[in-house]
Structures are given as structure tokens and as C-alpha cells.
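> Provided herewith is a single structure, encoded as C-alpha cells, for subsequent inquiry.
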Amino acid sequence: MLENDIDIIAKSWLNFLKDQYNLKLIDNNHIALTTPITDAFDDGITVMISHTDSGNYMVSDQGYTIWNLETRGINVMKKDSIRRRNIFSIIKSENVKISSNRDIFAIGPKSEIAQMIFNVIQAVTKIGNLGMSSSSSVRGMFLDDVTDYFENNKKDYRFLKGFELRGKTGLAYKIDYLFMSQSPTSKVTKIYDGLQKNTVEQLLGIWYDTETVRKSNGENMEFDIIIPSLSDKDQKEFANNLNSHDIAVIPFNDKKAIQKSFSFVA
Numbered sequence: 001m002l003e004n005d006i007d008i009i010a011k012s013w014l015n016f017l018k019d020q021y022n023l024k025l026i027d028n029n030h031i032a033l034t035t036p037i038t039d040a041f042d043d044g045i046t047v048m049i050s051h052t053d054s055g056n057y058m059v060s061d062q063g064y065t066i067w068n069l070e071t072r073g074i075n076v077m078k079k080d081s082i083r084r085r086n087i088f089s090i091i092k093s094e095n096v097k098i099s100s101n102r103d104i105f106a107i108g109p110k111s112e113i114a115q116m117i118f119n120v121i122q123a124v125t126k127i128g129n130l131g132m133s134s135s136s137s138v139r140g141m142f143l144d145d146v147t148d149y150f151e152n153n154k155k156d157y158r159f160l161k162g163f164e165l166r167g168k169t170g171l172a173y174k175i176d177y178l179f180m181s182q183s184p185t186s187k188v189t190k191i192y193d194g195l196q197k198n199t200v201e202q203l204l205g206i207w208y209d210t211e212t213v214r215k216s217n218g219e220n221m222e223f224d225i226i227i228p229s230l231s232d233k234d235q236k237e238f239a240n241n242l243n244s245h246d247i248a249v250i251p252f253n254d255k256k257a258i259q260k261s262f263s264f265v266a
């Protein structure tokens, strides 16, 4: 049974992280971290870890993410644009900052470096994905559409919003919804406006890292994803990849599937 393999999977995942993340000392105050995660253009994501004069540490993309988008003709920082608003929403939700030089960064003590790295990479990935489609104005409203739907149908759904799960690595992951049902199984759910290769990689990492806590204390929490639709061939392929790892991908445009998956009486 899969539950007997949890420790093996966890060790395999942690060993993968050690092998795939490369740290290179640049000088006495700077370390470059190259990750196995790719951005929306299939470029590897690298962040710089710096020791600041105040004694804290800073993790930064050194402005590369936004620079890379704009060199491709995608103006994500245009005043009053939806992409710009989306960027600042991502910055806030991932608990990072953006400088006047457009660096995406986080600052904190040594004990928080791992969490800062995770937060910056999450922000960089999401911001990079904004450049993949001219229909970002529609995608930018997706979370609002999902929120409105569940808020307006509370008689059918019981849920908690806005909490975190902490994995065995100590990293905290933001969860959009926890859906309860009459069965013993609850559903940890994240909302995405689309799946990319890097999104799938991150979701698999979150799944493995939170496996123990989701099944601790007699709990049985599934891990589900809601996206706009599965009409696109690539979205179906990414969804099948996640489904093969017991991560269900539910299309929001199929309300019967939403009700079947998340309603209290499901």
C-alpha cells in the first residue's frame, strides 16, 4: 500500500532536492542558488542569497524575472494594467517585496532562509507565468470568480480559507481552501489560473512534503487543484501527470465536477 511507502518517498524527495539544488559561493557575501525549477520560458530559476550589513540575509532574483518578461515585449509594469496589479497581488500573497529596481526579494534572519527561498521562487514563478498569454485579464479575475461561487453557494459547501500547511522540511505552504464533507476525507485545495511545467513541479514537491501532516492525527486530507478548464491539450497532459500522483485537478467550468468533488454531501 502507498501509505507504507511514505518514508521512502519522503527520503527520495529530500535526496532529489539535495542533488538538484546547486549552491555556488560568489564571494564572502553572496551565494547563487540554482534550482531545478524552470520559468514559463523553460529557463532555469536562480536566486542570489546575500548577507546584509544589518546581519540579516536577503534572497533576490536580482530583477531578472521582470527584465526577462520586458525584453520579450511583455510590459508587466505598465501603470494601472491588470498584469501590474497581479504582480503586486502575488508579491503580497507570497510575503516578498519588490524594489524600485524591480528586484523580487525577501529579507530575514538565517533561520528563515529556507522559507524565504521558497517564497521568492513561488513569486518568481507566478510572475513569470503572467507573460504566457494575452488573456491575463481574464485569468486575473479567476480567483475572484471561484471565491464568489463558493461564497454564494455556502449551503452546498463547507470550507475554511487562508491557512497554511507546514511540511516535513519546515516550509509553510499557503492553502486556498480546506473543504469538509460528510465522509472522513477533507480536501486541501489550491487555486491556479492554469498549469505550467514549473507549476506541476512545485505541486509535486508540496504533495510529497505535506504527505505526513495531511495523514497525521487520524486526518485524511486529499490534495486537489482547481483550474479554469481542461479544454486545452497541454492542460490535460499536466492534469494527467498530477492525477497519476493522486493530485486531482478539477475544471471550474464543469460545475457538476466541482459539486461532486467539493460539496459537503459528496
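FYI, the UniProt record's numbering numbers position 243 of the sequence shown as 243, with every residue one higher than the one before it. We put the CB at the ideal spot given by N, CA and C, even for glycine.
Would you call the CB atoms of Ser261 and Ile250 closer than 8 Å?
As a first step, residue 261 must be located in the sequence shown, where it is residue number 261. As a first step, residue 250 must be located in the sequence shown, where it is residue number 250. Yes, the pair counts as a contact, with Cβ atoms nearer than the cut-off.
> What does DSSP give as the partner residues of Phe262 in its beta bridges?
Start at 1 with the first residue of the sequence shown, and residue 262 comes out as number 262. According to DSSP, which records beta bridges pairwise, Phe262 is partnered with nothing at all.
> Below 8 Å, how does it come out for the region 213-233 and the region 179-195: are there three or more Cβ pairs, yes or no?
Segments in contact, yes.
> For a quick check, are the C-beta atoms of Pro228 and Asp176 less than 8 Å apart?
Here the question's residue 228 lines up with position 228 in the sequence shown. Here the question's residue 176 lines up with position 176 in the sequence shown. Against a cut-off of 8 Å, the Cβ pair of Asp176 and Pro228 comes out as no contact.
> Tell me the rounded alpha-carbon separation between Ser134 and Asp7.
Within the sequence shown, numbered from 1, the residue matching residue 134 stands at position 134. Within the sequence shown, numbered from 1, the residue matching residue 7 stands at position 7. Confidence at Ser134 is low in this model, with a pLDDT of 47, below 50, so its placement is unreliable and no value can be given for it.
> Output needed for Leu195: all residues of its chain with C-beta closer than 7 Å, excluding positions within five of it in sequence on either side, in chain order.
Stepping through the sequence shown from its first residue, residue 195 is reached at position 195. Here the set comprises Ile227, Gln235, Phe238 and Ala239.
> In whole angstroms, what is the alpha-carbon distance linking Lys255 and Val265?
In the sequence shown, the residue the question calls residue 255 occupies position 255. In the sequence shown, the residue the question calls residue 265 occupies position 265. If I take the Cα positions, the gap works out to 15 Å.
> Would you tell me roughly how many angstroms separate the C-alpha atoms of Gln115 and Asp61, rounded to the nearest one?
For the purposes of this step, residue 115 is identified with residue 115 of the sequence shown, where counting begins at 1. For the purposes of this step, residue 61 is identified with residue 61 of the sequence shown, where counting begins at 1. So the two alpha carbons sit approximately 15 Å from each other.
> Mapping DSSP to helix, strand and coil, what is Asp27?
The residue labelled residue 27 in the question sits at position 27 within the sequence shown. If DSSP states are grouped into helix, strand and coil, Asp27 belongs with the strands.
> Quick one: which unbroken alpha helix (DSSP H) runs of 4-plus residues sit fully inside the UniProt domain "DUF1828" (35-127)? Chain order, please.
Taking only runs of at least 4 residues, the alpha helix (DSSP H) segments lying wholly in the UniProt domain "DUF1828" (35-127) are 64-71 and 82-93.
> Do you know how far the Cα of Val146 is from the Cα of Tyr157?
Counting from 1 along the sequence shown, the entry for residue 157 is found at position 157. Counting from 1 along the sequence shown, the entry for residue 146 is found at position 146. If you take the alpha carbons of Tyr157 and Val146, they lie about 13 Å apart.
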